[in-house]
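A.B. asks: Pasting in a structure now, in structure tokens, and then I'll have a few things to ask.
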Amino acid sequence: MSKSLRGGHLNARSRKRKRKEAFGKTENSDEPKAKKDNDVPVVLHDSSTGEATPVIALDCEYVGGGTDGSDDLLARVSIVNQEGKIVYDKYVKPRERVTDFRTSVSGIRPAHIATGLPFDVVQREVAAILKDRTVVGHALNNDFRVLNFHHNRKLTRDTAKCALLRKMANCSGLPSLKKLANAVLGIEIQQGEHDSVIDARVALRLYLAVKKKWENDIKRYRH
Numbered sequence: 257m258s259k260s261l262r263g264g265h266l267n268a269r270s271r272k273r274k275r276k277e278a279f280g281k282t283e284n285s286d287e288p289k290a291k292k293d294n295d296v297p298v299v300l301h302d303s304s305t306g307e308a309t310p311v312i313a314l315d316c317e318y319v320g321g322g323t324d325g326s327d328d329l330l331a332r333v334s335i336v337n338q339e340g341k342i343v344y345d346k347y348v349k350p351r352e353r354v355t356d357f358r359t360s361v362s363g364i365r366p367a368h369i370a371t372g373l374p375f376d377v378v379q380r381e382v383a384a385i386l387k388d389r390t391v392v393g394h395a396l397n398n399d400f401r402v403l404n405f406h407h408n409r410k411l412t413r414d415t416a417k418c419a420l421l422r423k424m425a426n427c428s429g430l431p432s433l434k435k436l437a438n439a440v441l442g443i444e445i446q447q448g449e450h451d452s453v454i455d456a457r458v459a460l461r462l463y464l465a466v467k468k469k470w471e472n473d474i475k476r477y478r479h
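Numbering-wise (my numbering), the sequence shown opens with residue 257 and increments by one.
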């Protein structure tokens, strides 16, 4: 084989190797960068529905009962899946007489109650959805209390009690969902009447913002 021909083969191999190396560099440079922790694809205003997932978020709205309207009565239950899609959103007809609709905060009106489902039906349906799933929410003890429902603590993620979120919000006590939303996510919520679907989605976004470290901390503390 002539020297020039050998050189041609060597040059071809060299060019091929260089193209391969260059392709490898291109692949590496084009790899998707990891999203920031709080860059989560959950849209707050969305009516789309979906199936329950291993992680779901819950929020409830209450009206008032009793002579002074101070008793919390369940009026609406909203559950979204880990993509923020609505799994369950029902109004409830309380077992007791409503003496204060708390509309300015709850967003609940007499018409919602009139067409609501009986408490026992909602309680049963919600329990079936929550069973064996990780439930995210804010001040979940209040929602569970009004639902008269007990959930496995190991499957509960309460954003009000999360030390990571409290630190990010520079709050030593139990912060409101509104404060966490503003401090951690940079969004304003609850400017007027509350919406349990939106509040559930905000709690979900907060959870997703710190999910990796939160779950790692839980595993470390349990071992």
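The beta-carbon is built from N, C-alpha and C at its ideal position, and this holds for glycine as well.
Between the C-alpha atoms of A416 and D327, what's the straight-line distance to the nearest angstrom?
C.D. replies: Along the sequence shown, read from residue 1 onward, the residue named residue 416 stands at position 160. Along the sequence shown, read from residue 1 onward, the residue named residue 327 stands at position 71. Rounded to whole angstroms, A416 to D327 spans 22 Å at the Cα level.
A.B. asks: Work out the CA separation of I335 and A313 for me, nearest whole Å.
C.D. replies: In the sequence shown, the residue the question calls residue 313 occupies position 57. In the sequence shown, the residue the question calls residue 335 occupies position 79. Between A313 and I335, the C-alpha separation is close to 6 Å.
A.B. asks: Smallest Cα separation from D302: which of R476, D455, E471, L464?
C.D. replies: One-based indexing of the sequence shown puts residue 302 at position 46. Among R476, D455, E471, L464, the Cα nearest to that of D302 is on D455.
A.B. asks: Strictly by DSSP, which residues pair up with Y347?
C.D. replies: For the purposes of this step, residue 347 is taken as the residue at position 91 of the sequence shown. Looking at the DSSP assignment, Y347 forms a beta bridge with R332.
A.B. asks: Please identify the residue among A308, V319, S304 whose C-alpha is closest to the C-alpha of E449.
C.D. replies: Mapped onto the sequence shown, residue 449 falls at position 193. Checking every option, the nearest Cα to that of E449 belongs to V319.
A.B. asks: Keeping to the same chain, check which residues put their C-beta closer than 7 Å to that of G321; ignore five residues upstream and five downstream.
C.D. replies: Start at 1 with the first residue of the sequence shown, and residue 321 comes out as number 65. Counting only Cβ-Cβ distances below 7 Å, and skipping sequence neighbours, we find D327, L329, P350, E352, R353, V354, T355.
A.B. asks: Grouping DSSP H, G and I as helix and E and B as strand, with all else coil, what is A456?
C.D. replies: Start at 1 with the first residue of the sequence shown, and residue 456 comes out as number 200. Helix, per DSSP.
A.B. asks: Does R273 come out as helix, strand or coil in the three-state DSSP assignment?
C.D. replies: Mapped onto the sequence shown, residue 273 falls at position 17. Residue confidence for R273 is low, a pLDDT of 47 falling below 50, so the modelled location carries little weight; the figure read from the coordinates is stated next. Note: R273 maps to helix in three-state DSSP.
A.B. asks: Have a look at I364 and F375 and give me their C-alpha separation to the nearest angstrom.
C.D. replies: To locate residue 364, count along the sequence shown from 1; it is residue 108. To locate residue 375, count along the sequence shown from 1; it is residue 119. Each residue's alpha carbon lies about 15 Å from the other.
A.B. asks: May I ask you to report which of helix, strand or coil DSSP gives T390?
C.D. replies: Along the sequence shown, read from residue 1 onward, the residue named residue 390 stands at position 134. Strand.
A.B. asks: Three or more C-beta pairs under 8 Å: does that hold for the segment 371-387 against the segment 400-420?
C.D. replies: Counting Cβ pairs under 8 Å, three or more are found: they touch.
A.B. asks: Under 8 Å by Cβ, that's how I've got A459 and D315 pegged, so tell me the actual separation to the nearest angstrom.
C.D. replies: Taking the sequence shown and counting its residues from 1, the one referred to as residue 459 is at position 203. Taking the sequence shown and counting its residues from 1, the one referred to as residue 315 is at position 59. Contact holds; Cβ gap of about 7 Å.
A.B. asks: Would R413 pass as a contact of V391 if the rule is Cβ separation under 8 Å?
C.D. replies: Walking along the sequence shown from the start, residue 413 turns up at place 157. Walking along the sequence shown from the start, residue 391 turns up at place 135. Cβ atoms of R413 and V391: closer than 8 Å.
A.B. asks: I need the DSSP call for G308, collapsed to helix, strand or coil.
C.D. replies: For this step, residue 308 is matched to residue 52 along the sequence shown. Sequence inspection shows Ala at residue 308; the Gly mentioned does not correspond to that position. In this structure, A308 counts as coil in the three-state DSSP scheme.
A.B. asks: Write down the C-beta distance between G306 and K341 rounded to the nearest angstrom, noting that I regard them as a contact closer than 8 Å.
C.D. replies: Residue mapping note: residue 306 aligns to position 50 of the sequence shown, counting from 1. Residue mapping note: residue 341 aligns to position 85 of the sequence shown, counting from 1. At roughly 3 Å, the Cβ-Cβ gap stays under 8 Å, so G306 and K341 are in contact.
A.B. asks: Less than 8 Å between the CB atoms is what I'm expecting for V378 and V343, so what's the real figure, rounded?
C.D. replies: Your numbering for residue 378 matches position 122 in the sequence shown. Your numbering for residue 343 matches position 87 in the sequence shown. With 8 Å as the limit, V378 and V343 do not qualify as a contact, their Cβ atoms being about 13 Å apart.
A.B. asks: With H, G and I counted as helix, E and B as strand and the rest as coil, what does DSSP make of R413?
C.D. replies: Here residue 413 refers to the residue found at position 157 when the sequence shown is read from its first residue. Note: R413 maps to strand in three-state DSSP.
A.B. asks: Nearest CA to the CA of D473: which residue from H368, S360, C418, P431?
C.D. replies: Mapped onto the sequence shown, residue 473 falls at position 217. Minimum Cα distance to D473 is reached at C418.
A.B. asks: Would you identify the three-state DSSP class for V378, choosing helix, strand or coil?
C.D. replies: Counted from its first residue, the sequence shown places residue 378 at position 122. Here V378 sits in helix by DSSP.
A.B. asks: For L300, name the three-state secondary structure that DSSP assigns.
C.D. replies: Residue numbering aside, residue 300 sits at position 44 when the sequence shown is read from its first letter. It is coil, neither helix nor strand.
A.B. asks: Candidates K346, F357, L300, A308: which alpha carbon is nearest G325's?
C.D. replies: For this step, residue 325 is matched to residue 69 along the sequence shown. Closest by alpha carbon: F357.
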